[in-house]
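Protein chains in written order, with this note's numbering: chain Z, 7 to 439; chain G, 7 to 439.
Ideal Cβ placement from N, Cα and C applies to all residues, glycine included.
Quick notes on the structure that follows.
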């Protein structure tokens, strides 16, 4: 007997059915917004990730040399692959490019609750629009996905921030600040003690007083954004962009799900404008459920023409945790419309009935093991068959089959030639007197 | 600019849409038969494949040592993973186990037409039934999938054979035959010169006369199966099993798509009963489109209790070649129900209309780039929008929007408050006088 590789998971049908529901649900939302599915490779050149994130990323990669001597890595995220695809067909692709895909990614990380070494994400991105409406559409898709999963506005909170406000604030101090490191410190703010947080800001070049002031400014609410705007021209521009995005989300009908939260920073370096993270309102799911934002410089960094971009990527493991917490994760059970039960040598008729029911789009199983009545009823119960069609030799002599509802046990004889007949989803009720 | 890894592919939206259609179509067929989706890891212990197929398989694997010192491989096929999953929950799983999954696999092979290093398969398997009805159901699912893709009985041919007939015939000669190697020789029969084929059989222990006789027996048609049955008890049993499977396929309504072809052998060692391969009837797609069969010993080989099994795995690359040859592969273009065009500052109304149309399940795009009328019309045309809703400032002053059909250019003014109103899929015709 073999063991699974650590951090990798098997999904048996019951769990998979629930996961499939979640994937289909959020993909359908993206599709209605006109996001188009793409397909991407599982392996990419390792240097693509090293160039983007530095040599230290290799520690987190499943990277190796293939049999042709290529340094390759199992893709740890989608963005570089998508950037490569955009650059490869830059001229041919009409803008905006709106892409979506759901697939696994791989990182050699510590395994913990909601974090595995193989994990699934749905990536949603718009390339080619710097307009606030693009940011707003991404936020609208995010909110609609959560709503479509059955979550209510009380279940989650999307905290919106802006990278240029963070960097603009840092630059407004009379100090040489390492902006990138300071933003990383803000990103870790909620996860560390206050002293450690202030120390981290001090390390980036702020004095302790400046760090305190900076942190106070991060608490600015929407009504006081104007105070920040007045500090520098960069901050005026950034706050205006943020306001424009928030205003557009009103048109898109999702403004009420968003909260201004400047201390939300996002860990990744490549963000350039609006950033956001989704949290469980109750805090029961302690980690960010997912996040996203604007990254206008990435395509150019990949050798393409300057192309603004904005996107987000819900991870299915944390999304499931939130759905479970909110009580909207579906029961993990199989569902079956019909089981066609054979008693004696009735396969020809049973198969014909099964075929006719399948043609109507139903999930239909019939005996392929040659088992007893009891074993078949047990199996039908195990797969949660709603209706059992009993095709018995004796019944067939009278040209009849029996229709049995599994929830209440009601059953009725039906002329075999009239079944399923004109009915789309025939049940006991259609034939009972 | 980065290059893709050799043998890996990007799928842009137009091509992906066609591939998604094919995947969804065949998965829906499996679902209606009660096959349940499972999810499996991309990495497995390398030894799992070495134990099953021998040390030489490593040459074809993307295998490496992970950062924890584990010898792992990108899964080259699904069967070992599925066998591992069956063994892991052997007691808990009620039989028959009917599983399906679609996903990529990876092999370091020569890249050629319809063969890539990353390739997609849909695996369909039944565990826990030795009954001929299980073999027949697998064949029925295979035929129904092809039919549902739009292929007709004239487009393809499924050649059915039986491993026990092949081995039974080989053992019926007065010779010490290496059965496994002889079956491999039969599998290569159509790909090599006759002399090479007979040499290969000679190498396995048959004399040249016996090889000729054996090959003649492989040409036995269905009407003469009884001649084979009379040679040995094993052959009687095997031919009876084959007959029973073919008879069951009559009940399942797919008998006419099957041809007896004993020289169809399938390359893999683990098959134990009925085997089959699907071919393009015209021969234009020269390779086997897909194949499958019974493999009753595998689960035991993986440390489980003896568990009969039968399955098949259509590969999406060859399936696409067949569909293209038969003219049923869909046109690779985007499809969009509505484009909501904004002229002037009309985003609030446009967004409301887009939202209402999306709620009705339609694919709807609207401007997120702040572009001109002309640029938006060009984009709407590029995404093949069927209907354009023009929301103009002036029209709105009269509380109207314009509905324009893109195929014939017909357009009509519509009261903004009545749109989309009670209509599910409002078009020009609903509002034209």
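Anything in chain Z within Cβ reach of residue i, meaning under 9 Å, just list it in chain order.
i: residue 151 of chain G; result: Within chain Z, no residue comes near residue 151 of chain G; the closest Cβ sits about 12 Å away, beyond 9 Å.
Shorter than 8 Å from the beta carbon of residue i to some beta carbon of chain Z?
i: residue 12 of chain G; result: yes
i: residue 388 of chain G; result: yes
i: residue 243 of chain G; result: no
i: residue 112 of chain G; result: yes
i: residue 23 of chain G; result: yes
i: residue 78 of chain G; result: yes
i: residue 59 of chain G; result: no
i: residue 438 of chain G; result: no
i: residue 143 of chain G; result: yes
i: residue 49 of chain G; result: yes
i: residue 410 of chain G; result: no
For the candidate residues the options, whose alpha-carbon lies nearest to that of residue i?
i: residue 160 of chain G; options: G/337, G/284, G/182, G/352; result: G/284
i: residue 28 of chain G; options: G/334, G/412, G/436; result: G/334
i: residue 406 of chain G; options: G/392, G/384, G/352; result: G/352
i: residue 454 of chain Z; options: Z/123, Z/295, Z/434, Z/136; result: With chain Z running from 7 to 439 in the structure shown, residue 454 of chain Z is simply not present.
i: residue 389 of chain G; options: G/367, G/412, G/378, G/396; result: G/412
i: residue 127 of chain G; options: G/409, G/109, G/41, G/73; result: G/109
i: residue 383 of chain G; options: G/311, G/186, G/344, G/11; result: G/344
i: residue 44 of chain G; options: G/76, G/120, G/132; result: G/132
i: residue 100 of chain G; options: Z/227, Z/350, Z/260, Z/19; result: Z/19
i: residue 79 of chain Z; options: G/70, G/263, G/375; result: G/70
i: residue 316 of chain G; options: G/145, G/59, G/57, G/52; result: G/145
i: residue 59 of chain G; options: G/96, G/85, G/38; result: G/85
i: residue 246 of chain G; options: G/186, G/170, G/193, G/394; result: G/170
i: residue 120 of chain Z; options: Z/130, Z/401, Z/321, Z/297; result: Z/321
i: residue 154 of chain G; options: G/248, G/33, G/214; result: G/33
i: residue 258 of chain G; options: Z/252, Z/248, Z/244, Z/363; result: Z/363
i: residue 117 of chain Z; options: Z/11, Z/289, Z/234; result: Z/11
Cβ closer than 8 Å: which chain Z residues qualify as neighbours of residue i?
i: residue 258 of chain G; result: 357, 361
i: residue 105 of chain G; result: 19
i: residue 283 of chain G; result: Result: empty, since nearest Cβ-Cβ is about 22 Å, beyond 8 Å.
i: residue 15 of chain G; result: 45, 47
i: residue 371 of chain G; result: 39, 40, 104
Under a CB-based cut-off of 8 Å, is residue i close to chain G?
i: residue 340 of chain Z; result: yes
i: residue 42 of chain Z; result: yes
i: residue 383 of chain Z; result: no
i: residue 367 of chain Z; result: yes
i: residue 140 of chain Z; result: yes
i: residue 422 of chain Z; result: no
i: residue 39 of chain Z; result: yes
i: residue 261 of chain Z; result: no
i: residue 364 of chain Z; result: yes
i: residue 74 of chain Z; result: yes
For my contact list, residue i and residue j are in at a C-beta cut-off of 8 Å; report their separation, rounded to the angstrom.
i: residue 164 of chain Z; j: residue 147 of chain Z; result: Residue 164 of chain Z to residue 147 of chain Z, Cβ: 12 Å. No contact.
i: residue 196 of chain Z; j: residue 207 of chain Z; result: Incorrect: roughly 14 Å between the Cβ atoms, too far for contact.
i: residue 141 of chain Z; j: residue 280 of chain Z; result: 5 Å
i: residue 106 of chain Z; j: residue 88 of chain Z; result: In fact, because the Cβ distance is near 10 Å, the residues do not count as touching under 8 Å.
Suppose the cutoff is 7 Å on Cβ atoms and the five residues either side in sequence are ignored; what does the same chain contact list for residue i look like?
i: residue 425 of chain G; result: 359, 407, 432
i: residue 139 of chain Z; result: 254
i: residue 291 of chain G; result: 324, 327, 328, 331
i: residue 68 of chain Z; result: 79, 80, 112, 114
i: residue 24 of chain G; result: 335, 336, 338
i: residue 104 of chain G; result: 40, 41, 42, 132
i: residue 367 of chain Z; result: none
i: residue 355 of chain Z; result: 397, 402, 422
i: residue 193 of chain Z; result: 271, 272, 273
List the residues of chain Z whose Cβ lies closer than 7 Å to the Cβ of residue i, in chain order.
i: residue 70 of chain G; result: 70
i: residue 374 of chain G; result: 102, 132, 135, 137, 139, 140, 143
i: residue 354 of chain G; result: 257
Counting only Cβ pairs nearer than 9 Å, list the residues of chain G close to residue i.
i: residue 7 of chain Z; result: 90, 93, 94, 308, 309, 310
i: residue 264 of chain Z; result: None at all; the shortest Cβ gap to chain G is about 15 Å.
By Cβ distance below 8 Å, which residues in the same chain neighbour residue i in space, the five residues on each side in sequence not counted?
i: residue 93 of chain G; result: 305, 308, 309, 310
i: residue 342 of chain Z; result: 369, 370, 371, 386, 389, 390, 391, 392
Are there any heavy atoms of the ligand PLP lying less than 7 Å away from the beta-carbon of residue i, as far as the coordinates show?
i: residue 190 of chain Z; result: No copy of the ligand PLP occurs in the structure displayed, which carries no ligand at all.
So, at 6 Å on beta carbons, what are the nonlocal neighbours of residue i in its own chain, with the 5 sequence-adjacent residues on each side left out?
i: residue 54 of chain Z; result: 86
i: residue 419 of chain G; result: 406, 408
Give the interface partners of residue i over in chain G, defined as CB-CB distance under 7 Å, in chain order.
i: residue 54 of chain Z; result: 8
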